[in-house]
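Residue numbers for the sequence shown follow UniProt numbering, beginning at 1 and rising by one. Here the structure is laid out as structure tokens; the discussion comes afterwards.
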Amino acid sequence: MTKQGFNDTFLRACRQESVPHVPVWYMRQAGRYQPEYRKIREKYSFFEMSETPEVCAEVTRLPVEQLGVDAAILFADIMTPLKPIGVDVEIRSGVGPVIDNPIRSIEDVTQLKALHPEEDVPFVLEAVRLLRDQLHVPLIGFAGAPFTLASYMIEGGPSKNYHKTKGFMYSQPEAWQALMDKLGEMTVAYLKAQIDAGAQAVQIFDSWVGSLNAEDYRAYVAPVMHTIFGRLKELADVPTIYFGIGTGHLLQEWNRLPMDVIGLDWRTSITEARRMGIEKTLQGNLDPSLLLAPWEIIEAKAKAILDQGMEQPGYIFNLGHGTYPEVEVETLQRLTAFIHEYSQQ
Ligand SMILES: Cc1c2[nH]c(c1CCC(=O)O)Cc1[nH]c(c(CCC(=O)O)c1C)Cc1[nH]c(c(CCC(=O)O)c1C)Cc1[nH]c(c(C)c1CCC(=O)O)C2
Numbered sequence: 001m002t003k004q005g006f007n008d009t010f011l012r013a014c015r016q017e018s019v020p021h022v023p024v025w026y027m028r029q030a031g032r033y034q035p036e037y038r039k040i041r042e043k044y045s046f047f048e049m050s051e052t053p054e055v056c057a058e059v060t061r062l063p064v065e066q067l068g069v070d071a072a073i074l075f076a077d078i079m080t081p082l083k084p085i086g087v088d089v090e091i092r093s094g095v096g097p098v099i100d101n102p103i104r105s106i107e108d109v110t111q112l113k114a115l116h117p118e119e120d121v122p123f124v125l126e127a128v129r130l131l132r133d134q135l136h137v138p139l140i141g142f143a144g145a146p147f148t149l150a151s152y153m154i155e156g157g158p159s160k161n162y163h164k165t166k167g168f169m170y171s172q173p174e175a176w177q178a179l180m181d182k183l184g185e186m187t188v189a190y191l192k193a194q195i196d197a198g199a200q201a202v203q204i205f206d207s208w209v210g211s212l213n214a215e216d217y218r219a220y221v222a223p224v225m226h227t228i229f230g231r232l233k234e235l236a237d238v239p240t241i242y243f244g245i246g247t248g249h250l251l252q253e254w255n256r257l258p259m260d261v262i263g264l265d266w267r268t269s270i271t272e273a274r275r276m277g278i279e280k281t282l283q284g285n286l287d288p289s290l291l292l293a294p295w296e297i298i299e300a301k302a303k304a305i306l307d308q309g310m311e312q313p314g315y316i317f318n319l320g321h322g323t324y325p326e327v328e329v330e331t332l333q334r335l336t337a338f339i340h341e342y343s344q345q
């Protein structure tokens with residue numbers, strides 16, 4: 001069924017099937033820690049890179065070839081679909097997304113347009129099509145979750161405590177609901193288009209939703225996540241992954257969502273998540289800061305995580321958040337080889 005030489009280990013782990021070794025990929029596996037990336041980035045802005053399908057495909061393939069990982073993740077940003085719906089966003093190196101026209105009222109929400117992926121982000125879909133011909137590992141498509149996108153749209157950039165976002169949510173609940181609905185529809189349309197173009201799994205990044213407690217998550221965010229994952233399940237037959245930072249206290253809520261894989265950061269161990277009754281596939285969760293430590297320390301920690309992950313089917317090795325620019329390419333190469341070797345059945 002699979003194309004000759006195609007490595008489907010990652011997809012098998014998503015579906016909790018048996019695997020010849022634990023699959024591994026890394027969040028932010030394409031990025032500034034790679035000299036080749038830095039060289040291309042000198043010539044283009046972030047969006048110019050991701051909006052040129054050939055460059056986007058090259059940057060997506062690079063870590064697959066260089067590190068030997070079991071999945072590719074499309075080179076784009078969670079902000080990519082926001083530009084065409086009317087958000088004036090720019091990515092500043094070392095800072096992150098910065099937005100000149102932050103959301104302040106229901107009127108600002110009403111003005112956001114709907115996303116028509118084929119017309120609005122054709123370069124993303126073209127890159128996916130190119131990559132499906134070129135890759136021998138699954139391609140993961142992705143999107144930002146409504147809460148995390150809203151946090152940038154309301155704060156106007158990165159934030160420490162998301163107080164403007166939460167202030168908006170608590171004081172203008174109808175505008176918040178309208179924003180969640182709009183971003184939810186956008187997310188379904190965007191991911192469906194990526195899947196139709198060839199993405200074999202999709203990950204939704206809700207990096208900053210851990211700033212909410214469980215009760216507020218349930219009231220203000222869970223409904224839209226339920227709708228998004230439910231719609232995706234109806235529309236497509238690909239594994240869905242949900243990831244956030246510091247979301248250990250939300251895992252019971254997450255367990256009820258109609259998605260397949262939970263991405264953990266380093267604060268909640270695989271064993272703790274299993275003890276909480278989480279039966280979904282787990283993905284994670286080496287602290288990316290550990291990649292700056294001597295190899296013996298990295299290896300010991302990776303081994304401990306693998307021992308937990310391999311206790312039952314349905315485990316994917318990853319970092320607990322994205323790689324840092326200071327990480328050596330050799331470290332990730334060695335880690336990938338170690339994960340494969342140690343977990344070989
Ligand atoms: C919150 C968030 C963003 N973007 C993303 C998230 C969710 C995951 C997370 O929490 O990290 C997701 C993302 N961003 C990027 C990818 C590409 C795929 C991959 O992981 O390799 C993915 C999946 C490329 C990128 N997105 C960005 C870069 C760096 C761009 C550069 O300056 O070259 C890359 C490779 C920019 C970006 N964009 C964003 C941030 C925080 C930054 C980093 C700022 C910095 O450190 O310079 C918003």
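Glycine residues also receive a C-beta, built at the ideal position from the N, C-alpha and C atoms.
Proximity below 9 angstroms, CB of His136 to CB of Glu341:
Indexing the sequence shown from 1 puts residue 136 at position 136. Indexing the sequence shown from 1 puts residue 341 at position 341. No.
In angstroms, rounded to a whole number, what distance separates the CA positions of Ile278 and Pro102?
Counted from its first residue, the sequence shown places residue 278 at position 278. Counted from its first residue, the sequence shown places residue 102 at position 102. Approximately 37 angstroms, taken between the alpha carbons.
Nearest-angstrom Cα distance between Ala52 and Glu272?
Taking the first residue of the sequence shown as 1, we reach residue 52 at position 52. Taking the first residue of the sequence shown as 1, we reach residue 272 at position 272. Checking the displayed sequence, the identity of residue 52 turns out to be Thr instead of Ala. Whole-angstrom Cα-Cα distance: 42 angstroms.
Where does Glu328 land, buried or exposed, given buried means 16+ other C-beta within 10 angstroms?
Walking along the sequence shown from the start, residue 328 turns up at place 328. Exposed: under 16 other Cβ atoms inside 10 Å.
Here's the rule I'm using: 16 or more other beta-carbon atoms within 10 Å means buried, otherwise exposed. How should Arg61 be labelled?
Mapped onto the sequence shown, residue 61 falls at position 61. Buried: at least 16 other Cβ atoms inside 10 Å.
Distance check for Ile262 and Val64, CA to CA, integer angstroms please.
Counted from its first residue, the sequence shown places residue 64 at position 64. Counted from its first residue, the sequence shown places residue 262 at position 262. So the alpha carbons of these two residues sit roughly 22 angstroms apart.
Relative to the alpha-carbon of Asp287, which residue among Gly246, Leu257, Leu251 has its alpha-carbon at the smallest distance?
Here the question's residue 287 lines up with position 287 in the sequence shown. Among Gly246, Leu257, Leu251, the Cα nearest to that of Asp287 is on Gly246.
Cα-Cα separation, Gly86 to Phe168:
Here the question's residue 86 lines up with position 86 in the sequence shown. Here the question's residue 168 lines up with position 168 in the sequence shown. Taking the straight line joining both Cα atoms gives about 20 angstroms.
Buried or exposed: Leu235, going by 16 or more other Cβ atoms within 10 Å of its Cβ?
Your numbering for residue 235 matches position 235 in the sequence shown. Result: exposed.
When Pro146, Met27, Gln333, Lys83 are compared against Leu264, the one with the closest alpha-carbon
Your numbering for residue 264 matches position 264 in the sequence shown. Selected option, being the one with the closest Cα: Met27.
Simplified DSSP assignment, three categories, for Tyr242
By 1-based counting over the sequence shown, the position of residue 242 is 242. Here Tyr242 sits in strand by DSSP.
Uninterrupted alpha helix (DSSP H) stretches inside the stretch 26 to 90 (no shorter than 4 residues)
35 to 43, 46 to 50, 53 to 67
Taking all protein chains shown into account, decide if Asn213 is buried (16 or more other Cβ within 10 angstroms of its Cβ) or exposed.
Reading the sequence shown from its first residue, position 213 is the one you call residue 213. Label assigned to Asn213: exposed.
Looking only at its chain, what residues have a beta carbon closer than 6 angstroms to the beta carbon of Gly156, apart from the 5 residues adjacent to it on each side?
Within the sequence shown, numbered from 1, the residue matching residue 156 stands at position 156. Ile99, Pro102, listed in sequence order.
Report yes if the C-beta distance between Leu74 and Leu131 is below 9 angstroms; otherwise report no.
Mapped onto the sequence shown, residue 74 falls at position 74. Mapped onto the sequence shown, residue 131 falls at position 131. Their beta carbons are under 9 angstroms apart, which means Leu74 touches Leu131 by this criterion.
Do you know how far the Cα of Glu42 is from the Cα of Gly284?
Taking the sequence shown and counting its residues from 1, the one referred to as residue 284 is at position 284. Taking the sequence shown and counting its residues from 1, the one referred to as residue 42 is at position 42. Between Gly284 and Glu42, the C-alpha separation is close to 31 angstroms.
If distances are taken between C-alpha atoms only, which option among Glu311, Glu296, Ile305, Ser343 comes closest to Thr331?
Counting from 1 along the sequence shown, the entry for residue 331 is found at position 331. Its Cα nearest to that of Thr331, the residue Glu296 stands out among Glu311, Glu296, Ile305, Ser343.
Ignore the nearest five residues each way along the sequence and tell me which others in Arg12's own chain have a CB closer than 6 angstroms to its CB.
Here residue 12 refers to the residue found at position 12 of the sequence shown. Residues Val19 of the same chain have their beta carbon placed closer than 6 angstroms to that of Arg12, with the five preceding and five following residues left out of the count.
Answer yes or no: do His249 and Gly210 have a C-beta to C-beta separation smaller than 9 angstroms?
For this step, residue 249 is matched to residue 249 along the sequence shown. For this step, residue 210 is matched to residue 210 along the sequence shown. Yes, the Cβ-Cβ distance between His249 and Gly210 is below 9 angstroms.
Any non-hydrogen atom of ligand 1 closer than 8 angstroms to Gly210 Cβ:
Against the sequence shown, residue 210 aligns to sequence position 210. Result no, Cβ not under 8 angstroms from ligand 1.
For ligand 1, is there a heavy atom less than 8 angstroms away from the beta-carbon of Phe317?
Within the sequence shown, numbered from 1, the residue matching residue 317 stands at position 317. Result no, Cβ not under 8 angstroms from ligand 1.
What beta strand (DSSP E) runs, 3 residues minimum, are completely inside the stretch 208 to 256?
240 to 243
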